[in-house]
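Top line first, the protein sequences correspond to chains A and B. In terms of this note's numbering, the first sequence has 265 at position 132, counting the first letter as 1, and numbering is strictly consecutive. In terms of this note's numbering, the second sequence has 328 at position 195, counting the first letter as 1, and numbering is strictly consecutive. We put the CB at the ideal spot given by N, CA and C, even for glycine. To start, the structure under review is shown below, and the notes come after it.
There are 2 protein chains.
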Amino acid sequence: MQSAEQVLAVLRKRGELWEAAPGLVGMRGDLLALHRALERVIAELARSQAPDEWGVPAALAWDTLKTADYFASFPQWLSAASHLSSDRAVLERVARGDDPRREFVPADAALPPAVCYHTYAALAGRILESPTLMTAQGTCWRHEGERLAALERGWAFTMREVVCLGAGDECEVFRCGGIEQAIALAESLGLDEEVVPATDPFFAPTARGKELLQRIKGLKHELVLPLGPDRGIAAASFNHHETFFGEAFDIRLVDGQPAASACVAFGIERWTLAFLVAHGPDAAHWPAIPHLESATWQP
Amino acid sequence: MQSAEQVLAVLRKRGELWEAAPGLVGMRGDLLALHRALERVIAELARSQAPDEWGVPAALAWDTLKTADYFASFPQWLSAASHLSSDRAVLERVARGDDPRREFVPADAALPPAVCYHTYAALAGRILESPTLMTAQGTCWRHEGERLAALERGWAFTMREVVCLGAGDECEVFRCGGIEQAIALAESLGLDEEVVPATDPFFAPTARGKELLQRIKGLKHELVLPLGPDRGIAAASFNHHETFFGEAFDIRLVDGQPAASACVAFGIERWTLAFLVAHGPDAAHWPAIPHLESATWQP
């Protein structure tokens, strides 16, 4: 097994991996072909649980994250999309050479930190007659400052999620099914996975209690894949939110109770990197994986 | 032929189209299936010209747009990604309830207004031994204020581009080939296309000359598709940049001259909307198109 650093050095040298800025990667050639194949394999897995696929918007309404109490929970990751004022004088100053970075209006939209917020926003105020499942893949954004690292921890990265809303026990059955599927996927790809209890890195001191409850109740697990002989990375997570989002977004069951929710999330770049660490950067040595089309790009 | 407004009303009513905020659309069901099918058809067309596919980063380095003289040319569209300061005091204020929109640091990265800027950035400083072609699909961002309209004019939208760098005549041959391909595509989809000379909407008064030159030299054409009996929308553009980007990014040919460039760009949501206007919102009445899988989502 090579280290992630050795693999990344080879990919950069081959011109298959580059960064526009820290945490913003581009891909070509065999690396891109592998990433796409894993996207497709994981999409099929997701659709087998949730045939209803959504194409989610590129950003979230500001109020969606506010309703989800996101600012109190994870302000450290928050990213936003903004644009210049349409004031002619501002645009003229920018066109003449003023630094546009000083001229953006306060952000209109949040760049999504996870796909599932789109689901709660779209279902807000609804009454669910039966367990509701959806899946989507989207670009998600979490700013992690000095910790950003190519493929391992992106400012922008590719997330596939499956979301279930329904009764609490239905959500738990769904979540456990997701754990089994992800374990089977890792083994089929020749990866040594480990599923461990986990907590979210809540920011606020007042949220410490949430972390403790999450651990005691077993509400979050992560699937960890090796990135070298002595370290690993969480490549999927399995989360039971109880009725937190159902209450926040007023999503109810037919008996009037708030819906529970659970989500299963895959970080595609992390699966890609773990695969490369396990099998090396040369496609000739990779095990067969479905959907891997031979790359046409030559360095 | 229905109007775009009638089609959009049906899609919203079926729950297949929604907006997180103006210009930020989500899709489900038959609409999503159609959009994906068109993505794939157009991707195949692009790969037949440029087998080298890139997975481009989700944002651009600030300097890339500066080098491309973007701020002078199109400040009105400029969008940026930013994050909160990592200062603990700021994060604590936000966690306690302060409006985070006031606390973003000046933007670190630009949200891409077009895919091809990634190409020039990645090839900066290179000498090209032969015509260089690439293709990529990405989410692009252009803020158009009051003009934003679902599927027709998104703040974020899906662009497929094919880019060619080489000698000027090579780029022109590529550009004309792109026009022919796009016309054939429109006809195969049963759409009444029209190819017309066009100019970019340069902002600065000093850039007016560019517009005039663009028109006189025939450097830009657009393929327009009908959105109703009396109006249409540019759904693809075919652009020759002469040596503008080659000079700006120091990309040269073996003889030391700056490379010329051309790009062919498809706006996927616009093709989707024009198809729906031509054939109606009911999948049962659509002509056969490759890759259209029956949607599994039921409203």
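Which value, in whole angstroms, describes the spacing of the CA atoms of proline 184/B and glutamate 177/B?
Locating residue 184/B in the second sequence gives position 51, where the first residue counts as 1. Locating residue 177/B in the second sequence gives position 44, where the first residue counts as 1. About 9 Å.
Contacts around glutamate 305/B, its chain only, beta-carbon distance under 8 Å, and the 5 residues preceding and following it disregarded
On the second sequence, residue 305/B is found 172 positions in, with the first residue counted as 1. The answer, listed in chain order, is His373, Ala395.
Identify, in the order they occur along the chain, each residue of the same chain with its Cβ nearer than 8 Å to the Cβ of glycine 188/A, setting aside the five sequence neighbours on each side.
Residue numbering aside, residue 188/A sits at position 55 when the first sequence is read from its first letter. Excluding positions up to five away in sequence, the list reads Ala269.
Label leucine 356/A either buried or exposed according to how many other C-beta atoms from any shown protein chain fall within 10 Å of its C-beta, with 16 as the threshold for buried.
Counted from its first residue, the first sequence places residue 356/A at position 223. By the 10 Å Cβ count, leucine 356/A comes out buried.
Hey, is glutamine 347/A's beta-carbon within less than 7 Å of any beta-carbon in chain B?
In the first sequence, counting from the first residue as 1, residue 347/A sits at position 214. No, because no Cβ of chain B sits closer than 7 Å to the Cβ of glutamine 347/A.
Roughly how many whole angstroms lie between the Cα atoms of alanine 242/A and lysine 146/A?
Within the first sequence, numbered from 1, the residue matching residue 242/A stands at position 109. Within the first sequence, numbered from 1, the residue matching residue 146/A stands at position 13. Cα to Cα, alanine 242/A sits roughly 37 Å from lysine 146/A.
Give me, in chain order, the residues of the same chain whose beta-carbon lies closer than 6 Å to that of phenylalanine 335/A; leave out the 5 immediate sequence neighbours on both sides.
Your numbering for residue 335/A matches position 202 in the first sequence. Closer than 6 Å at Cβ, skipping near neighbours: Ser206, Lys343, Glu344.
Using a Cβ cut-off of 8 Å, pull out every chain A residue sitting near alanine 254/B, in sequence order please.
Looking up residue 254/B in the second sequence gives position 121. Those are Ala153, listed as they occur along chain A.
Can you find a CB in chain A that lies within less than 7 Å of the CB of glutamine 182/B?
Residue numbering aside, residue 182/B sits at position 49 when the second sequence is read from its first letter. For glutamine 182/B, the answer is no, since every Cβ of chain A falls outside 7 Å of its Cβ.
Which residues, in chain order, does the region 311-330 of chain B contribute to contact with chain A at a C-beta distance below 9 Å?
none
Is there a Cβ of chain A sitting closer than 7 Å to that of leucine 178/B, yes or no?
Working through the second sequence from its first residue, we reach residue 178/B at position 45. No, no contact with chain A.
Excluding the 5 residues preceding and the 5 following phenylalanine 307/A in the sequence, name in chain order all residues of the same chain whose CB lies nearer than 6 Å to its CB.
One-based indexing of the first sequence puts residue 307/A at position 174. Excluding residues within five positions, the ones whose Cβ falls inside 6 Å are Cys297, Ala395.
Applying the criterion that 16 or more other CB atoms from any shown protein chain within 10 Å of the CB defines a buried residue, is glycine 379/B buried or exposed?
Along the second sequence, one-based indexing puts residue 379/B at 246. Classification of glycine 379/B: buried, given that the 10 Å Cβ count is 16 or more.
Taking 7 Å as the threshold (C-beta atoms), are glycine 162/B and glutamate 172/B in contact?
Start at 1 with the first residue of the second sequence, and residue 172/B comes out as number 39. Start at 1 with the first residue of the second sequence, and residue 162/B comes out as number 29. No, the pair does not count as a contact, with Cβ atoms beyond the cut-off.
According to the Cβ coordinates, are arginine 244/A and tryptophan 288/A closer than 7 Å?
Against the first sequence, residue 244/A aligns to sequence position 111. Against the first sequence, residue 288/A aligns to sequence position 155. Residue identity check: residue 244/A is leucine in the sequence provided, not arginine. Going by C-beta atoms, leucine 244/A is not nearer than 7 Å to tryptophan 288/A.
Just to check my reading of the structure: arginine 348/B and proline 330/B have Cβ atoms closer than 8 Å, yes? What is that Cβ distance to the nearest angstrom?
Mapped onto the second sequence, residue 348/B falls at position 215. Mapped onto the second sequence, residue 330/B falls at position 197. Between proline 330/B and arginine 348/B the Cβ distance is about 6 Å, and since that is below 8 Å, they are a contact.
Using a Cβ-Cβ cut-off of 7 Å, state whether glutamine 209/B counts as contacting chain A.
For the purposes of this step, residue 209/B is identified with residue 76 of the second sequence, where counting begins at 1. Chain A, which has a Cβ nearer than 7 Å to the Cβ of glutamine 209/B, makes this yes.
Complete runs of the alpha helix (DSSP H) confined to the region 186-251 of chain B [at least 4 residues]
195-200, 203-206, 221-229
Sheet register partners of isoleucine 366/B (DSSP bridge):
Translated into positions along the second sequence, residue 366/B becomes position 233. DSSP, once it has assigned bridges, lists Leu358/B as partnering isoleucine 366/B.
Beta strand (DSSP E) segment containing threonine 272/B, residue limits:
Stepping through the second sequence from its first residue, residue 272/B is reached at position 139. Where threonine 272/B is concerned, the enclosing beta strand (DSSP E) stretches over 265-274.
If you count every other CB in all the chains shown that lies within 10 Å of the CB of glutamate 444/B, and 16 or more means buried, which is it?
Shown here, chain B extends from 134 to 432; a query on residue 444/B therefore has no answer.
Which of helix, strand or coil does DSSP assign to leucine 281/A?
Here residue 281/A refers to the residue found at position 148 when the first sequence is read from its first residue. Reduced to three states, the DSSP call for leucine 281/A is coil.
Rounded to a whole number of angstroms, what is the C-alpha to C-alpha distance between isoleucine 175/B and phenylalanine 399/B?
Walking along the second sequence from the start, residue 175/B turns up at place 42. Walking along the second sequence from the start, residue 399/B turns up at place 266. So the alpha carbons of these two residues sit roughly 8 Å apart.
For valine 158/A, which of helix, strand or coil comes out of DSSP?
As a working note, residue 158/A is residue 25 in the first sequence. Valine 158/A: strand per DSSP, three-state reduction.
Count the other C-beta atoms from every protein chain shown that fall within 10 angstroms of the C-beta of proline 208/B, then say buried if there are 16 or more, exposed otherwise.
For the purposes of this step, residue 208/B is taken as the residue at position 75 of the second sequence. Proline 208/B is buried by the Cβ-count criterion.
Ignoring anything shorter than 4 residues or poking outside the region 286-331 of chain B, list the alpha helix (DSSP H) runs there in chain order.
301-321
Contact defined as beta carbons within less than 8 Å: I believe glutamate 152/A pairs with valine 158/A. What is the distance between those atoms, to the nearest angstrom?
Taking the first sequence and counting its residues from 1, the one referred to as residue 152/A is at position 19. Taking the first sequence and counting its residues from 1, the one referred to as residue 158/A is at position 25. Confirmed, Cβ separation roughly 5 Å.
Endpoints, alpha helix (DSSP H) assigned at alanine 395/A:
Position 262 of the first sequence, counted from the start, is the residue given in the question as residue 395/A. First-last for alanine 395/A: 393-400, but that is the beta strand (DSSP E), not the alpha helix (DSSP H).
For alanine 255/A and tryptophan 430/A, the rounded distance between their alpha carbons
Residue 430/A sits at position 297 when you count from the first residue of the first sequence. Residue 255/A sits at position 122 when you count from the first residue of the first sequence. Per-residue confidence for tryptophan 430/A stands at a pLDDT of 41, beneath the threshold of 50, marking its modelled position as unreliable; the derived number appears in the next sentence. Rounded to the nearest angstrom, the two C-alpha atoms are 40 Å apart.
Could you check which residue in Leu409/B, His418/B, Gly311/B has the C-alpha nearest to that of leucine 165/B?
Here residue 165/B is taken as the residue at index 32 of the second sequence, counted from 1. Leucine 165/B has its Cα closest to that of Leu409/B, out of Leu409/B, His418/B, Gly311/B.
Assuming histidine 168/B contacts isoleucine 366/B (C-beta within less than 8 Å), just tell me the rounded distance between them.
Here residue 168/B is taken as the residue at index 35 of the second sequence, counted from 1. Here residue 366/B is taken as the residue at index 233 of the second sequence, counted from 1. Wrong, their Cβ atoms sit about 16 Å apart, outside the cutoff.
Cβ atoms of proline 233/A and arginine 234/B: under 7 Å apart, would you say?
The residue you call residue 234/B lines up with position 101 of the second sequence. The residue you call residue 233/A lines up with position 100 of the first sequence. Cβ atoms of arginine 234/B and proline 233/A: not closer than 7 Å.
Is arginine 147/B close to chain A? Criterion is C-beta to C-beta, closer than 7 Å.
Position 14 of the second sequence, counting from 1, holds the residue named residue 147/B. Chain A contact via Cβ: absent.
So, at 6 Å on beta carbons, what are the nonlocal neighbours of leucine 360/B in its own chain, with the 5 sequence-adjacent residues on each side left out?
Sequence index remark: in the second sequence, residue 360/B carries index 227 (1-based). The answer, listed in chain order, is Ala137, Ile366, Val410.
Cβ of leucine 224/B less than 7 Å from any chain A Cβ?
Locating residue 224/B in the second sequence gives position 91, where the first residue counts as 1. Yes, leucine 224/B counts as interfacial toward chain A.
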